[in-house]
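Per UniProt numbering, the sequence shown starts with residue 1, numbered consecutively.
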Amino acid sequence: MKVKLLSLIVMGTLTDIYLATSEIVLNNSKITSLENYFIEILAVIIFMIFLITAARGIRVNKMIARRLYQQIEPLLVSQFSRVALISKSFWMDSWSSFDIFATGRSNCSYLYINISCRPRQDLLTGFLLYPLTRFKDCLYVEIPLDILDPIVILVCKRNELKSVLTEYPEIEIHCTQKKVVDIPQNWIVYSNSNGAIEKILNGRLMKILNCYQISQSLKFIYISDQTTCPRLTNNYKKIHPCIKASFILDQSSNNLNKNYKEITNPVVPVNETITVHETILKLLLSLNDTVQDIKLSERTLQHVTSQRQEIEKTLYKLDESKRLARFEQKRREKLQEEAFRINQMTPQHQKKYQEKKARQEAKSKMKIKRIRM
Numbered sequence: 001m002k003v004k005l006l007s008l009i010v011m012g013t014l015t016d017i018y019l020a021t022s023e024i025v026l027n028n029s030k031i032t033s034l035e036n037y038f039i040e041i042l043a044v045i046i047f048m049i050f051l052i053t054a055a056r057g058i059r060v061n062k063m064i065a066r067r068l069y070q071q072i073e074p075l076l077v078s079q080f081s082r083v084a085l086i087s088k089s090f091w092m093d094s095w096s097s098f099d100i101f102a103t104g105r106s107n108c109s110y111l112y113i114n115i116s117c118r119p120r121q122d123l124l125t126g127f128l129l130y131p132l133t134r135f136k137d138c139l140y141v142e143i144p145l146d147i148l149d150p151i152v153i154l155v156c157k158r159n160e161l162k163s164v165l166t167e168y169p170e171i172e173i174h175c176t177q178k179k180v181v182d183i184p185q186n187w188i189v190y191s192n193s194n195g196a197i198e199k200i201l202n203g204r205l206m207k208i209l210n211c212y213q214i215s216q217s218l219k220f221i222y223i224s225d226q227t228t229c230p231r232l233t234n235n236y237k238k239i240h241p242c243i244k245a246s247f248i249l250d251q252s253s254n255n256l257n258k259n260y261k262e263i264t265n266p267v268v269p270v271n272e273t274i275t276v277h278e279t280i281l282k283l284l285l286s287l288n289d290t291v292q293d294i295k296l297s298e299r300t301l302q303h304v305t306s307q308r309q310e311i312e313k314t315l316y317k318l319d320e321s322k323r324l325a326r327f328e329q330k331r332r333e334k335l336q337e338e339a340f341r342i343n344q345m346t347p348q349h350q351k352k353y354q355e356k357k358a359r360q361e362a363k364s365k366m367k368i369k370r371i372r373m
């Protein structure tokens with residue numbers, strides 16, 4: 001009887017040991033399999049994060065573009081006969097850029113607005129590097145002009161000046177910095193003549209620049225007959241008179257106090273709230289009508305004309321010097337190649353080559369003499 005009990009105890013102990021051992025082996029196999037697929041699992045997690053970020057960023061950028069379009073649509077409809085937010089296909093150039101076109105207005109071929117949102121769909125530049133890049137939602141406005149006197153004027157924030165001069169290098173060629181008494185200290189003015197400043201920087205524009213909320217959003221206003229208008233001409237080199245401006249879509253300064261309505265003649269009814277974006281667009285449309293009627297004095301026209309003639313001469317000399325430098329560089333390269341070929345020849349071949357070259361030079365000299373005769 002005792003032997004049977006001992007055998008049962010031993011069998012039970014062995015069973016427990018077997019079960020425990022098998023459980024440990026199974027757990028180890030699971031851990032080993034997880035370690036084997038660690039890279040694949042990590043890649044799937046990162047891909048899902050990128051996918052969620054892209055979907056959310058695209059949705060937010062579309063909402064910003066549609067909301068802005070809804071804000072400025074009444075103003076554009078009242079000024080233009082046709083207005084549209086350009087719908088983009090799935091394979092668009094950028095998920096953070098949207099276009100608004102408006103056409104059908106006197107003295108204005110079209111109005112082009114580009115909404116450049118922060119790249120929220122990009123995990124790297126939109127979120128991880130955002131503290132360094134500081135991308136902001138911005139608006140770029142382009143209005144081509146039918147006629148314009150020789151005027152080049154830039155009203156720009158000081159902290160935006162470097163990027164604007166890089167984007168439009170003709171400003172430094174045609175303009176110099178001008179001192180304007182009533183302009184805020186954080187703004188700077190470049191122009192090709194004082195007459196243009198007197199005509200354009202009137203009280204209305206000064207009020208706009210002195211308005212804190214608008215001044216925080218506006219980056220620059222550029223009026224020029226020496227810039228390009230690629231949306232109209234489909235050419236980034238052809239010069240066409242144009243008004244260009246850029247400002248930030250700042251949500252905190254979206255709604256203006258009604259006291260600022262006296263700055264402009266509102267197109268929308270007085271009981272509706274006016275926005276920073278509407279105020280700036282009204283200013284640009286007003287400038288479109290104003291600058292085309294500006295006639296500079298004869299003295300100013302003579303000064304600008306002589307200045308541009310000197311600029312053309314200087315640019316021609318620079319182009320000519322560059323052309324001569326390229327020609328000299330090619331001549332040196334040709335002589336070096338010829339010297340290398342001669343060094344590779346045997347003395348007999350070198351002698352034949354020199355004789356052939358001498359005959360060719362003699363023929364060319366004879367041709368020159370005949371032409372002169």
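Where is the CB? At the ideal position from N, CA and C, for every residue including glycine.
Given the structure is predicted, the values throughout are model-derived calculations rather than measurements.
- The Cβ atoms of residue 148 and residue 291 sit closer than 9 Å to each other.
- Annotated three-state conformation of residue 241 is coil, per DSSP.
- Counting C-beta pairs with one atom in each stretch, the stretch 217 to 229 and the stretch 238 to 251 have three or more that are closer than 8 Å, which means they touch.
- Rounded to the nearest whole angstrom, the C-alpha separation of residue 105 and residue 288 is 11 Å.
- Our two residues, residue 60 and residue 74, have alpha carbons roughly 23 Å apart in a direct line.
- With a minimum length of 4 residues, the unbroken runs of alpha helix (DSSP H) contained wholly in the stretch 163 to 249 fall at 170 to 174, 194 to 200, 203 to 210, 212 to 217, 230 to 233.
- For the pair of segments examined, the stretch 47 to 67 was found to touch the stretch 111 to 121: the number of CB pairs separated by less than 8 Å reaches three.
- If you draw a straight line from the Cα of residue 326 to the Cα of residue 336, it comes to about 15 Å.
- The Cβ-Cβ distance between residue 143 and residue 285 falls below 9 Å.
- Residue 300 is positioned such that its CB atom lies no closer than 9 Å to that of residue 72.
- Counting only the Cα atoms, residue 350 lies some 10 Å from residue 357.
- DSSP places residue 110 within a strand segment (E or B) once states are collapsed to three.
- Counting C-beta pairs with one atom in each stretch, the stretch 35 to 45 and the stretch 94 to 109 have fewer than three that are closer than 8 Å, which means they do not touch.
- One thing to note: residue 190 has its Cβ within 9 Å of the Cβ of residue 152.
- Of all alpha-carbon atoms in 169, 196, 181, the one lying nearest the alpha-carbon of residue 293 is that of 196.
- Secondary-structure assignment with DSSP links residue 156 through a beta bridge to 188, 220.
- When the beta-carbon positions are compared, residue 85 and residue 98 come within less than 9 Å of each other.
- A Cβ-Cβ separation of about 17 Å leaves residue 171 out of contact with residue 145 under the 8 Å criterion.
- Annotated as proximal: residue 244 and residue 224, with beta-carbon spacing under 9 Å.
- In this chain, residue 97 is not harboured by any alpha helix (DSSP H); it is covered by the beta strand (DSSP E) spanning 97 to 105.
- When the five nearest sequence neighbours on each side are left out, the beta carbons in the same chain lying within less than 6 Å of the beta carbon of residue 102 are those of 76, 80, 83, 111, in order along the chain.
- Assigned with DSSP and collapsed to three states, residue 37 falls in coil, not helix or strand.
- DSSP, reduced to helix, strand and coil, places residue 53 within a helical segment of the structure shown.
- Annotation for residue 311: the continuous alpha helix (DSSP H) segment containing it runs 298 to 344.
- Annotated three-state conformation of residue 143 is strand, per DSSP.
- In this structure, the alpha-carbon of residue 339 lies about 40 Å from that of residue 312.
- Under the three-state reduction of DSSP, residue 134 is assigned to coil, being neither helix nor strand.
- Per DSSP, residue 284 lies in no beta strand (DSSP E); the unbroken alpha helix (DSSP H) holding it starts and ends at 276 to 291.
- With a beta-carbon spacing of about 3 Å, residue 57 and residue 120 fall inside the 8 Å limit used to define contacts.
- Residue 44 sits exposed, since fewer than 16 C-beta atoms from the chains shown fall within 10 Å of its C-beta.
- Rounded to whole angstroms, the Cβ separation of residue 49 and residue 123 is 7 Å, and the two are in contact under 8 Å.
- Of the residues assessed, residue 342 falls on the exposed side of the cut-off, its CB having fewer than 16 other CB atoms within 10 angstroms.
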